[in-house]
DNA sequence: CCATTGATTGTGTACGTGCACAAAATTAGA
DNA sequence: TCTAATTTTGTGCACGTACACAATCAATGG
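Residue numbers (the working numbering), protein chains in the order written: chain A, 31 to 385; chain B, 31 to 385.
Here it is as structure tokens:
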């Protein structure tokens, strides 16, 4: 293992002291342009890398990380994101990171507004944002930009913001995946149905709409026609939706495959089970407890999973990179792999996602 | 963040010096039973954890890691395992680990024997083993056990060995996954075919046989009968196998779904393409370059991927845990999640996501 | 030209562990 | 009982970085 270049080496090569190199590496200011140029030249030449371990050892400042995401319930989407966050914090437990959650109700814009407004007052070193409402998020980001506080997005991207990094999945591709699965799962002459969300101005509904677009793109590219019934039913609350779903199926008896483009696939599955329908293939999103139950009992054929845990995990790692090593990425978008989960590989993912 | 307990704290509480605690933590011997008891009591009470960073900083000894796996070709299975290994070594590049590969030809037991025999002479601190031949592996492990050198398995498990940990995937479950996919992909009245390996006494062929068992279990549990033609063709070399495959398909025109239980799915795909057959659904294993090509052009419907890079990555992390922190797991078996890869989520997996 | 101020640079210590070596305690031998 | 050998215990330094503080340099005004 080649001996690594140290700050002292850099200092010697640039003809300055270690303190000056330190100031440059950490943007502490008070450095003459002459020194800066000399040091930066040597840094580039040597490809200097921080030693993560000694950095962590010497670090005295406690960073404050604020995590602004929808209420995280165990076994649901944001609960799993939080697990990934906590996993990463645990792995870096030797670094002093004070962590504070700022939860909000993802269906209530006022709750989001209140939560987001309090964030700047907490004087965070960095923020992880799970965005739902575009306008509120833009307002928060503008303020963070002004105070030069780095932030990272998980799950969604919001326009007109400047996150260091974003961890999300490719929703259009998710839609195309669902398309191909339904196409593979059903005979060519069978009809298909799609259920999405109707809510507008809400990013999670945007996700649903992007998935819809991807799904339609897939079927458009097939070279032959498949009949797709686009349902206007908004699958949100179990009891309200059930009747609508059953009526829809009575009206469309040739439907043999259904895509539910949000995480409420279990509601449709339960409706089907209630009618005793068994020959319809169902595909939905997210490994929530309810969906897991349906995959196990066979009423859902496949779940598309977007690695919420991995998103949270990587978001924290990105923050640590930014804070400790001063590596400021600008708007880098990382797409998570998208998993297809069926009954047989479910236990393997449960080990990772749920427990 | 709660202040962590230090070695000095432990020493003070136990009424000994830090040196004594150090000796106990690292099994360096020369400790009276009285001191040992006192310290171990305090260690248990406080739940002492090593500080990974300061450990790494102070570590002066260079560890030697030997990696005994089949020849690792980029874009093939073991090449991807190696990528995961190198990724982990890179992440821990601040720890001095001298790494030496001991490749062998996975189809040649003599090559394996020669390679494995040289390992003990290298005086490794730890070994990562990708096993193929049971007898040779048992011999190697026996020797490592005797010299108290920890080792970790990737990909396969071999009986009568004592690895600290094993990272592999559940081959039986893989077989069941393939079964369900083919069942979902084809009409009930269509015939199915299975291609495996014939080679005996070779662990990779054992993998193939375990998958076969899982596949049959799945179809046995269905509640209705599907016709499955079990081909005796050993899909190994492209040109030799092609003719056999084509003849098999001519003899079995009702076959509409095929499982290839090793990584040579592309050979069957190419054979189908050569005959102009387009309505057969094909499922195979491992994201090799050739299989990737076939998933892209649609001749393979799905690939089962066992996260080879994650296996390699975790194996190295396990070794580091063992060497640095003296955490000696005994025979812990970790199953990797098993991914279903189709054309649409393929690009996401191509970008390697470790951890 | 000197004093004062502010900008820039250099120096020293702490962080917690690993490990070498010195010191002390115990045991063995005569 | 005294010495030598051996076991056990304690001490101190190094690792590379962060950060506080001291030292030096340049600029400005009188």
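Glycine included, C-beta positions come from ideal geometry on N, C-alpha and C.
Residue i, enclosing alpha helix (DSSP H) - first and last residue
i	result
residue 87(B)	82-88
residue 319(A)	319-327
residue 386(B)	The shown model of chain B, from 31 to 385, leaves out residue 386(B), and the question about it has no answer.
residue 176(B)	164-176
residue 107(B)	107-121
residue 339(B)	338-355
residue 133(A)	Counting along the chain, residue 133(A) falls outside any alpha helix (DSSP H), and DSSP gives it neither H nor E.
residue 37(A)	37-44
residue 125(B)	No alpha helix (DSSP H) holds residue 125(B); DSSP gives it neither H nor E.
residue 139(B)	139-147
Pick from the options that is closest to residue i, judged by C-alpha positions
i	options	result
residue 111(B)	158(B), 261(B), 296(B) and 77(B)	158(B)
residue 314(B)	328(B), 333(B), 304(B) and 326(B)	333(B)
residue 269(A)	97(A), 240(A), 300(A) and 288(A)	300(A)
residue 262(B)	253(B), 275(B) and 254(B)	275(B)
residue 286(A)	354(A), 267(A), 239(A) and 215(A)	215(A)
residue 225(B)	80(B), 296(B) and 40(B)	296(B)
residue 249(A)	221(A), 267(A) and 236(A)	221(A)
residue 123(A)	372(A), 347(A), 369(A) and 360(A)	347(A)
residue 146(A)	223(A), 104(A), 132(A) and 121(A)	132(A)
residue 397(B)	162(B), 152(B), 114(B) and 115(B)	Given a span of 31 to 385 for chain B in the structure shown, any question on residue 397(B) remains unanswerable.
residue 205(A)	303(A), 369(A) and 35(A)	369(A)
residue 267(B)	292(B), 252(B) and 257(B)	292(B)
residue 190(B)	171(B), 202(B) and 309(B)	171(B)
residue 344(B)	114(B), 102(B), 42(B) and 168(B)	114(B)
residue 271(B)	360(B), 256(B), 290(B) and 329(B)	290(B)
residue 66(A)	303(A), 51(A) and 273(A)	51(A)
residue 156(B)	305(B), 180(B) and 311(B)	180(B)
residue 55(A)	353(A), 371(A), 360(A) and 341(A)	353(A)
residue 207(A)	177(A), 264(A) and 243(A)	243(A)
residue 104(A)	144(A), 75(A), 339(A) and 128(A)	339(A)
residue 329(A)	288(A), 342(A) and 341(A)	288(A)
residue 83(B)	75(B), 106(B) and 36(B)	36(B)
Beta carbon of residue i nearer than 9 angstroms to that of residue j
i	j	result
residue 363(B)	residue 198(B)	yes
residue 25(B)	residue 376(B)	Here chain B comprises residues numbered 31 to 385, so residue 25(B) is not present and cannot be evaluated.
residue 366(A)	residue 200(B)	no
residue 174(A)	residue 150(A)	yes
residue 154(B)	residue 89(B)	no
residue 349(A)	residue 182(A)	yes
residue 160(A)	residue 98(A)	yes
residue 125(A)	residue 93(A)	yes
residue 202(B)	residue 241(B)	yes
residue 186(B)	residue 135(B)	no
residue 279(B)	residue 258(B)	no
residue 68(A)	residue 45(A)	yes
residue 193(A)	residue 361(A)	yes
residue 139(A)	residue 106(A)	no
Within chain A, partners of residue i - CB distance below 7 angstroms
i	result
residue 87(B)	83, 84 and 87
residue 207(B)	372, 374 and 375
residue 120(B)	Those do not exist, as residue 120(B) stays about 11 angstroms from chain A at its closest Cβ, beyond 7 angstroms.
residue 189(B)	Under the 7 angstroms cutoff, chain A gives no residues; its nearest Cβ is about 23 angstroms from residue 189(B).
Contact list for residue i against chain A, beta-carbon separation under 8 angstroms
i	result
residue 369(B)	367, 369, 370 and 375
residue 210(B)	372, 373 and 374
residue 203(B)	374, 375, 377 and 378
residue 327(B)	Within 8 angstroms Cβ-Cβ: nothing; residue 327(B) doesn't reach chain A, min ~14 angstroms.
residue 104(B)	Within chain A, no residue comes near residue 104(B); the closest Cβ sits about 20 angstroms away, beyond 8 angstroms.
Chain-ordered neighbours of residue i on chain B, where CB pairs are closer than 8 angstroms
i	result
residue 331(A)	214
residue 185(A)	None at all; the shortest Cβ gap to chain B is about 16 angstroms.
residue 281(A)	By Cβ distance, chain B contributes nothing, its closest Cβ being about 26 angstroms from residue 281(A), past 8 angstroms.
Interface partners of residue i on chain B, CB under 9 angstroms
i	result
residue 246(A)	Those do not exist, as residue 246(A) stays about 14 angstroms from chain B at its closest Cβ, beyond 9 angstroms.
residue 316(A)	Within 9 angstroms Cβ-Cβ: nothing; residue 316(A) doesn't reach chain B, min ~15 angstroms.
Residue span of the beta strand (DSSP E) that contains residue i, given as start and end
i	result
residue 93(B)	93-98
residue 311(A)	311-315
residue 64(A)	Unbroken run through residue 64(A) is the alpha helix (DSSP H), 63-76; no beta strand (DSSP E).
residue 297(B)	It is not in any beta strand (DSSP E) - residue 297(B) instead sits in the alpha helix (DSSP H) that spans 295-305.
residue 369(A)	369-371
Listed by chain order, chain A residues near residue i by CB distance under 9 angstroms
i	result
residue 394(B)	Absent from the structure is residue 394(B), since the part of chain B shown begins at 31 and ends at 385.
Could I get the ranges of all uninterrupted beta strand (DSSP E) runs contained in the stretch 182-262 of chain B, with 3 residues as the minimum, in chain order? 195-198 and 221-226
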